[in-house]
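A.B. asks: If you're matching positions, the sequence shown starts at -6 in the numbering used here and goes up one per residue.
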Amino acid sequence: MAPPNHSERIESLEDQVRSLLAALNARNTQEPSNDSASARQGFRSKEPEAFTGDAVNPPAWLTDYPLFINQLCVVFGDPDRIATAKREIEALSQTTSVANYLTQFRQLQMTLNWGADAMAWFFYRGLKENVKDDLSRSGKPTDLETLIQRSLEIDNRIAERISEKKRTITRSANPTTMPVSNPPIAPTTVHPSSPSGLRAPFTTAGKLEPEEYKRRQTNNLCIYCASSEHVVTDLHDVMIDSGATTNFIDSRFVTLHSLPLTSKPLTETLLLADGKTQVIISKEVQLSCLVAELFPSDITFQVTDLGLCPIILGLPWLRGANPNIDWQAGDITMRSPPLTPSLMAPSQSSSTLPSASLDIDAIAFDKPLRSDCITSGTLYSSPIQSQQLLATTTTSSDTTTALAYDTGLSDIIPPEYHQYLDVFSRVEADKLPPHRTYDHQIPLEEGKSPPFGPIYSLSEHELKTLREYLEENLAKGFISPSDSPAASPILFVKKEDGSLRLCVDYRGLNRITIRNRYPLPLIDELLDRLREARFFTHIDLRGAYNLLRIAKGDEWKTAFRTRYGLFQYNVMPFGLTNAPASFQHLMNDTFKDMLDRSLIIYLDDLLIYSSTLKQHQEHVSAVLARLRQAGLYAKAEKCQFSTSQTEFLGFVVSDQGVSMDPSKTEVITNWPVPQSVHDVQVFLGFCNFYRKFIPQYSRTAYPLTQLLRKEAQSAPFAWHSDAQHAFEQLRSAFGTDTILRHFDPTRPIIVETDASDFAVAAVLSQSFDQGARHPIAFFSKKLDPAQLNYPIFDKEMFAIVAAFKHWRQYLEGAKFQVQVLTDHRSLEYFTTTKQLNRRQARWSELLADFDFIIQYRPGAQCQGSRA
């Protein structure tokens, strides 16, 4: 027999210690040490391996009760009970009553021994929303004990009110007078399977007797049907929709619960409210259901793909149940339809059940009904053998959970993708993601520990933003209070809209973090994949880094200090040195079979491309399905679907090629005149991103780059006329709408080169549209001091060499011989001359990997490559 694992041994130890203490208390033992023999005997019978050893000289712990218990904890207990308790309290939440929740909370509180403020925060976080609502209305207590007492009072009051309303329902369902000709039907009994092969009765008339309710609760039986094959907490959302022409069930739900499928005699087309076709339905499922614990019925569901709600009850169910809804009072009055023979109890009458007034608030135990609520239900799946569904009415105050009916999303997302509306859910994106194999790890250099940074002074506006940030992210679970020995400082930066963004200064942590060398893709290489695309869809992920968890055990390293306490991240924040690598790794592995076929990805930006519209819709659907599967969510308001032109990574991509994003270049065209060397560096750094769109860029920017030389920086900054002229030329160049065509390896390639006294330049082009040449990219390079001394021949030849090195990925192995155009005639004989100096010999060896021919072209005809 295999030995028990660690967690099983811990549970066994706890159970046995409880049994031992109970036995000692039953014997009224005053001195525990007097019963050490009994204790040893009790454990010896259950854990014999713990008592092997020398029986002649037993260890001290075998004769001393406190030592004995301590030894048990050492051998069989949790070796890291503090960390275990910390994880448990972070995941703890109220699922039943506050009293039960408090019992679990107190056990963890004694283990952790944290401060009262921290424990009060954790206790409040785990409470049900309806308890929090009552606390907020009456003023939330600040100290722990008062908070606990108030929560118990509120929970008891809510439970008492629910009990009162249920009694009201029972009375209204059992009127005192009935017509003689229509006697009431006997209570109906439904029989789900029980493990013993017997049938466990479930009555639909009235509530359970207290003794029966306690028996089912004590024996972990289903409260509704007394079966032990399932638990009552296995609940699913149900939507009641008067606009649905039939009842629907999600195909994934059918597969998950192994429900029997039936092929429809004729397929049906599911239409949306706008009249556009969504999907063909060919399968259906028939189930026996109990609705609101009172009304059994057989329901046929059409199988399709739904959002978060696996069940939609439409007009067929509403017509059968025929409920009366009082929207002002929040009441649903239902009259049971005639029972099917399989569910009816023997009766001599064919009359219907009496009506039952179902107060929505009596069943909806989480939140009161508001005017913006969506009436829905909670579905419980009973054992597969009985194929029954038990449903109780509830409400949802968050319209985004009813994704198929979220008019905001429906307006943004094209109809053909409405089955994936849950992928764009803001509510789901704001939930704490699960741990994955891609969790962000923070490995530290050996012997190094994260620094403990200072607290920076903050303005009143910054403090307000900080409070809002902490409250929001604590509620989401993205951050949690920390007792980390390390901490990084925080600061704020302004966004484009003027609001503030909290940033954690992780520079100290990053300096001692071992680098993750997972590569990011080259942007130019990504854009080259789009050469045959005609349709584009751009998807921007919501939350981005927050969709990835920090690896277990590394959360303390992300701690940051505020005047409101010390906190740590549970999700990956911005600013960590390995964050881009971790996220790119996740994205590449998630979509590895789609990359460079129909999809390119750079961190949280996804671009789907296709040559036909039908093919494109299939590609987009596949990507959205993969996002759903991976638990990643998109930002609908920033997505573009099935367009011929879209923005991607600062570029505008289309079926015609790539151009600069006007919203980005507008910054350059309106750039103020630099007042310092640093201003020049910032300006040129911004310009360099788009330099491949600017002919003769190095020549134009030469006066500005001269201002960055060391000898120039040692003197006072001097903005002269040449610099002003170059500055104005660059601003003007970025105001053009240059379009670079996508490189096509099936077409001939032309490279034009030129050299000047201080720079070289080249342009790569191909023939399109009846032989018309279009540029693919521009290249330029300033000559270094050694290259400035080259003779004219070598400078012109260096322009060719530099261009071939820069565009090697296009030119090496080209289908056609590369045509090189130059205005220096003597270069035509470079490949055939027998006399080369050392520099030229090195160039000849480098160019031997390419198939090319050098041809002379007068300078007046090579305007695009003028250096």
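Beta carbons are placed, not taken as given, at the ideal position from N, Cα and C, and that holds for glycine.
Report yes if the CB atom of GLU789 is closer than 8 Å to the CB atom of THR815, and no otherwise.
C.D. replies: Yes, they are a contact pair.
A.B. asks: Taking all protein chains shown into account, decide if LEU579 is buried (16 or more other Cβ within 10 angstroms of its Cβ) or exposed.
C.D. replies: Classification for LEU579: buried.
A.B. asks: Rounded to the nearest angstrom, what separates PRO741 and GLU548 at their Cα positions?
C.D. replies: Between PRO741 and GLU548, the C-alpha separation is close to 55 Å.
A.B. asks: Tell me the start and end of each unbroken beta strand (DSSP E) in the region 667 to 723 that is at least 3 residues and wholly inside, in chain order.
C.D. replies: Listed in chain order, there is nothing to give.
A.B. asks: For the candidate residues PHE751, GLY440, LYS798, ILE687, whose alpha-carbon lies nearest to that of ALA779?
C.D. replies: Selected option, being the one with the closest Cα: PHE751.
A.B. asks: Assuming contact is defined by CB atoms lying nearer than 8 Å, are ALA841 and PHE791 in contact in what I supplied?
C.D. replies: It is not a contact, given that the beta carbons lie outside the stated cut-off.
A.B. asks: Can the beta-carbon of PHE471 be found less than 8 Å from the beta-carbon of ASN539?
C.D. replies: Yes; because the gap between Cβ atoms is below 8 Å, this pair is in contact.
A.B. asks: Going by the CB atoms, is the gap between LEU733 and PHE686 shorter than 8 Å?
C.D. replies: Yes, the Cβ-Cβ distance between PHE686 and LEU733 is below 8 Å.
A.B. asks: Report all residues from its chain with a CB closer than 6 Å to the CB of GLU40; omit the five preceding and five following residues, and keep chain order.
C.D. replies: Because GLU40 sits at a pLDDT of 47, beneath the cut-off of 50, its placement in the model cannot be relied upon, and the point is left open.
A.B. asks: Which residue's Cα is closest to the Cα of PHE485: GLN633, SER707, THR458, GLY501?
C.D. replies: Looking at the Cα atoms, THR458 is the closest of the given residues.
A.B. asks: Cβ of THR139 versus every heavy atom of the ligand MN: is any distance shorter than 7 Å?
C.D. replies: The ligand MN is absent from the structure shown, which contains no ligand whatsoever.
A.B. asks: Sort LEU569, PHE528, PRO478, HIS609 by Cα distance to ARG554 and report the nearest one.
C.D. replies: Ranking the options by Cα distance to ARG554, first place goes to PRO478.
A.B. asks: In whole angstroms, what is the alpha-carbon distance linking PRO667 and SER492?
C.D. replies: Using only the alpha carbons, I get a separation of about 27 Å.
A.B. asks: Along the alpha helix (DSSP H) that carries VAL651, what are the first and last residues, could you check?
C.D. replies: VAL651 -> not in any alpha helix (DSSP H); beta strand (DSSP E) instead, spanning 651 to 653.
A.B. asks: By DSSP's criteria, SER819 is part of a beta bridge. Which residues make up the other side?
C.D. replies: In the DSSP output, where bridge partners are listed per residue, SER819 has none listed.
A.B. asks: Tell me the residue span of the beta strand (DSSP E) that contains THR555.
C.D. replies: Where THR555 is concerned, the enclosing beta strand (DSSP E) stretches over 553 to 555.
A.B. asks: Out of curiosity, what's the CA-to-CA distance linking HIS184 and LEU280?
C.D. replies: Annotation note: pLDDT 37 at HIS184 (below 50); position unreliable, no value reported.
A.B. asks: Is it true that the region 508 to 524 meets the region 593 to 608, where meeting means three or more beta-carbon pairs spaced less than 8 Å apart?
C.D. replies: Yes: the two stretches touch, three or more of their Cβ pairs being nearer than 8 Å.
A.B. asks: In whole angstroms, give me the CA-to-CA distance for ILE305 and LEU128.
C.D. replies: Cα-Cα distance, rounded: 34 Å.
A.B. asks: Whole angstroms is fine: what's the gap from TYR413's alpha carbon to GLN622's?
C.D. replies: Cα to Cα, TYR413 sits roughly 11 Å from GLN622.
A.B. asks: Do you know how far the Cα of VAL68 is from the Cα of GLN633?
C.D. replies: The alpha-carbon atoms of GLN633 and VAL68 are separated by roughly 60 Å.
A.B. asks: Please report the distance separating the alpha-carbon of ASP533 from that of LYS631.
C.D. replies: The straight-line gap from Cα to Cα measures roughly 6 Å.
A.B. asks: To the nearest angstrom, report how far apart GLN812 and PHE845 are at their CA atoms.
C.D. replies: Cα-Cα distance, rounded: 6 Å.
A.B. asks: Exposed or buried, which one is THR639 when buried takes at least 16 other CB atoms within 10 Å?
C.D. replies: Buried is the call here.
A.B. asks: Helix, strand or coil for ASP521 per DSSP?
C.D. replies: The answer is helix: DSSP assigns ASP521 an H, G or I state.
A.B. asks: Take the Cβ of HIS428 as the centre, count every other Cβ of all protein chains shown within 10 Å, and call the residue buried at 16 or more, exposed below.
C.D. replies: So HIS428 ends up on the exposed side.
A.B. asks: Let me check one thing: in DSSP terms, what residues is ASN123 bridge-paired to?
C.D. replies: Partner(s): none; ASN123 has no beta bridge.
A.B. asks: By alpha-carbon positions, which one of ARG80, ARG74, ARG312, ARG118 ends up nearest to GLU464?
C.D. replies: Considering only alpha carbons, the answer is ARG118.
A.B. asks: Count the other CB atoms, across all protein chains shown, that sit within 10 Å of the CB of TYR849; report buried if there are 16 or more and exposed otherwise.
C.D. replies: Per the 10 Å Cβ criterion, exposed.
A.B. asks: For the putative contact between ILE405 and ALA629, defined by C-beta atoms under 8 Å, what is the C-beta separation to the nearest angstrom?
C.D. replies: ILE405 to ALA629, Cβ: 5 Å. Contact.
A.B. asks: Thinking C-beta only, is TYR626 closer than 8 Å to GLY536?
C.D. replies: It is a contact, given that the beta carbons lie within the stated cut-off.
A.B. asks: Would you mind sorting ILE448 into buried or exposed? The rule is 16 or more other CB atoms within 10 Å of its CB.
C.D. replies: ILE448 should be labelled exposed.
A.B. asks: Got a sec, what are the start and stop residues for the beta strand (DSSP E) TYR595 sits in?
C.D. replies: Taken as a continuous stretch (DSSP letters only), the beta strand (DSSP E) holding TYR595 covers 592 to 595.
A.B. asks: Looking only at C-alpha atoms, which of GLN717, LYS121, TYR695, PHE576 sits nearest to PRO665?
C.D. replies: Nearest of GLN717, LYS121, TYR695, PHE576 to PRO665, Cα basis: GLN717.
A.B. asks: Is the distance from the Cβ of LYS79 to the Cβ of LEU105 below 8 Å?
C.D. replies: Going by C-beta atoms, LYS79 is nearer than 8 Å to LEU105.
A.B. asks: By the 10 Å Cβ neighbour count, where 16 or more other Cβ atoms means buried, how is THR506 classified, buried or exposed?
C.D. replies: Flag for THR506 reads buried.
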